[in-house]
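Numbering (this note's numbering), first residue to last: 205 to 949.
See the structure below:
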């Protein structure tokens, strides 16, 4: 080829010559090495210095590629010659030929082509395809508009309608290489979230731009057009990332927690498989951080396991020593009883001698029984519980909870042992030492039975609040362990026993009881939820019984909401409201309410919740928000159009009116309007707390978020994912406002 160009082509043709190599991305996929081919092009470029005839020769490479793609051999000089030519879509002044093709078919062809460009951004292929579709449509009796045609022929079921192939090519360019797909998807996600992203000289930015999905304008990356935005949306990004990561679910929750929630880290076999998968992957920073944190947690777990083994060995030796002491005391007790018998015989001979023997023997028996009781009662010390808490991650909710339980003082020594051993079982469950957890809960239950069987202490035990709370606490820990061990029926019995105590003593399940110190709302709700969950999987349980337990849980959630509202604890009341609504709509497993859930929400319950809020503070409540929603020009129950400027502006007015939107832009969730942002929930709660008269209509917050039960987080709820993005929040407000209207609220 070199000889042909130099000795034939350049000699026969005296004018400038341009050789076009089309579809360069397809050339790169050939089954032969192309390094020498591109090195030859560079050779011709270098020859210009010595041979002027080569100045007439130009190569134009057309297609999608980066300079690093062209010469992959690291021993050769990179393909660092040439000049990049950026291509832009059709501009308004360039579309006259297309307008001619629409003339005679439409009354205002220029208006039609402008609508097409609004969707395609001038992308040549899509623009011409839409023009062709519109011409075909013009022959029908009732032709579709551009909007209807785009949705019907391009966006809906796009993969099956993508002919000739275009959208699938873009998808493949981003997702075909697992090593780079993750970073490209996250880079594109940043563009979507921020609206634009500053460009740099990285390979990934170039590859994303060359995919055609984004375009560079004024040194900023933006989504090329509205069609791409509709098809390659946030759901598409999330689905692609899920397909790439074997640990996508736990990774998503870990990131949502601010990279602080250790419970979402991988361990064991899952971690090994993830490390094997990641070996040849070019991972993002967050992926690397997640894997490193999981590995560190695994190492800590191994260290903790060794420490636990050592602790168990020490406890074993303590038990052996205790058994030896008990044996010695039992022998002393036996000798004392023998003396009593001897004293009885001597009594026949002499009353005085017998009396002396009985007194001495009785004293020894009393001392032996006292020593035995002390040894029996104080086997486990609070210090052991403190040491277990130190093995948990520093400052974690679990370690704080165990430390708190170690410091709790209980008057009765034997009840204290029930409590301490149950707390040890809880700590071992956190450490995933199931054998030790089982041993500790067995000891707790032994002390519990001993307390009940002790005739001297039985009187009044049924009404002893300290004992009843401890019994409920221990039964809940036992139920949790049995549930973890897949012993479903035994777990149900443990939870039922705790539930029956609540039935006999309803004052224990009241949040307003100032005397409760061992259990709290978290324990109460854990029992209700666990029992309800296990019964739902048991085919032998009747529907009436299941409904009965569901009703108890709902009643408890209402009681919590009333308690928080009376205490003016607005944050807890807000979170409790959404949790209650999920429970009433039977959507706790999904963690969010959709349009149908809201549209069919129980009117009596909606009225009751609104009544509780308004009574607590007339600034708050759904009915107050409905008034503000209408007053700010928003519509009731309409599926809002994200791109409708009127809807958007009214959404912003509503958000500003209720204090959800900050014009200074200090919030965490950035809205499309760059002049401000939606405030974080913590920021909103703080503002309400600091200003006791402002922010009318700010609570309850209308949002869609996932949550899970916390171990010892404030009010028992740890937020995992919160989304108060403009359109979702506004739609939820709109749907709820319509339901309020239908319910006469």
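Note that beta-carbon positions come from the ideal geometry of N, C-alpha and C, so glycine has one too.
Does the separation of the CB atoms of residue i and residue j fall below 7 Å?
{"i": "residue 596", "j": "residue 603", "result": "yes"}
{"i": "residue 672", "j": "residue 619", "result": "no"}
{"i": "residue 379", "j": "residue 444", "result": "yes"}
{"i": "residue 702", "j": "residue 679", "result": "yes"}
{"i": "residue 245", "j": "residue 224", "result": "no"}
{"i": "residue 820", "j": "residue 769", "result": "yes"}
{"i": "residue 350", "j": "residue 320", "result": "yes"}
{"i": "residue 674", "j": "residue 731", "result": "no"}
{"i": "residue 832", "j": "residue 861", "result": "yes"}
{"i": "residue 837", "j": "residue 854", "result": "yes"}
{"i": "residue 497", "j": "residue 533", "result": "no"}
{"i": "residue 829", "j": "residue 901", "result": "yes"}
{"i": "residue 417", "j": "residue 374", "result": "yes"}
{"i": "residue 699", "j": "residue 652", "result": "no"}
{"i": "residue 687", "j": "residue 695", "result": "yes"}
{"i": "residue 450", "j": "residue 478", "result": "yes"}
{"i": "residue 310", "j": "residue 274", "result": "no"}
Name the residue from the options whose alpha carbon lies nearest to the alpha carbon of residue i.
{"i": "residue 218", "options": "224, 210, 524", "result": "210"}
{"i": "residue 807", "options": "791, 944, 693", "result": "944"}
{"i": "residue 780", "options": "257, 816, 752, 471", "result": "816"}
{"i": "residue 893", "options": "813, 854, 827, 776", "result": "776"}
{"i": "residue 207", "options": "248, 242, 238", "result": "248"}
{"i": "residue 385", "options": "479, 447, 435", "result": "447"}
{"i": "residue 610", "options": "589, 601, 598", "result": "589"}
{"i": "residue 306", "options": "337, 366, 693, 616", "result": "337"}
{"i": "residue 214", "options": "226, 254, 800, 261", "result": "261"}
{"i": "residue 729", "options": "416, 757, 709, 751", "result": "757"}
{"i": "residue 802", "options": "623, 947, 884", "result": "947"}
{"i": "residue 294", "options": "326, 670, 322, 274", "result": "326"}
{"i": "residue 682", "options": "344, 657, 639", "result": "639"}
{"i": "residue 493", "options": "509, 462, 517, 519", "result": "462"}
{"i": "residue 724", "options": "670, 834, 594, 258", "result": "670"}
{"i": "residue 621", "options": "352, 593, 587, 634", "result": "587"}
{"i": "residue 755", "options": "771, 788, 773, 740", "result": "788"}
With DSSP as the reference, identify every bridge partner of residue i, one or two as the case may be.
{"i": "residue 424", "result": "402, 421"}
{"i": "residue 221", "result": "261"}
{"i": "residue 307", "result": "310"}
Tell me, to the nearest whole angstrom, how far the beta carbon of residue i is from that of residue j; I am working on the premise that it is less than 8 Å.
{"i": "residue 425", "j": "residue 413", "result": "7 Å"}
{"i": "residue 784", "j": "residue 797", "result": "Wrong, their Cβ atoms sit about 12 Å apart, outside the cutoff."}
{"i": "residue 727", "j": "residue 805", "result": "Not confirmed; about 29 Å, so no contact."}
{"i": "residue 408", "j": "residue 389", "result": "Contact doesn't hold; Cβ gap of about 10 Å is too wide."}
{"i": "residue 685", "j": "residue 642", "result": "6 Å"}
{"i": "residue 810", "j": "residue 949", "result": "6 Å"}
{"i": "residue 266", "j": "residue 221", "result": "At roughly 16 Å, the Cβ-Cβ gap does not stay under 8 Å, so residue 266 and residue 221 are not in contact."}
{"i": "residue 441", "j": "residue 359", "result": "Actually they are not in contact, since the Cβ atoms of residue 441 and residue 359 sit about 16 Å apart, beyond 8 Å."}
{"i": "residue 502", "j": "residue 471", "result": "5 Å"}
{"i": "residue 899", "j": "residue 823", "result": "7 Å"}
{"i": "residue 366", "j": "residue 372", "result": "5 Å"}
{"i": "residue 767", "j": "residue 904", "result": "Between residue 904 and residue 767 the Cβ distance is about 16 Å, and since that is not below 8 Å, they are no contact."}
{"i": "residue 644", "j": "residue 655", "result": "With 8 Å as the limit, residue 644 and residue 655 do not qualify as a contact, their Cβ atoms being about 17 Å apart."}
{"i": "residue 364", "j": "residue 466", "result": "Wrong, their Cβ atoms sit about 44 Å apart, outside the cutoff."}
{"i": "residue 396", "j": "residue 427", "result": "7 Å"}
{"i": "residue 504", "j": "residue 459", "result": "Going by Cβ atoms, the distance from residue 504 to residue 459 rounds to 21 Å, so no, they are not a contact pair."}
The region 430 to 438 / the region 319 to 336 touching (three or more Cβ pairs under 8 Å): yes
Does the region 308 to 315 come within contact of the region 280 to 295, defined as at least 3 CB pairs closer than 8 Å? Contact fails: fewer than three Cβ-Cβ distances are below 8 Å.
Would you say the region 647 to 656 touches the region 619 to 635, given that touching needs at least three Cβ pairs under 8 Å? yes
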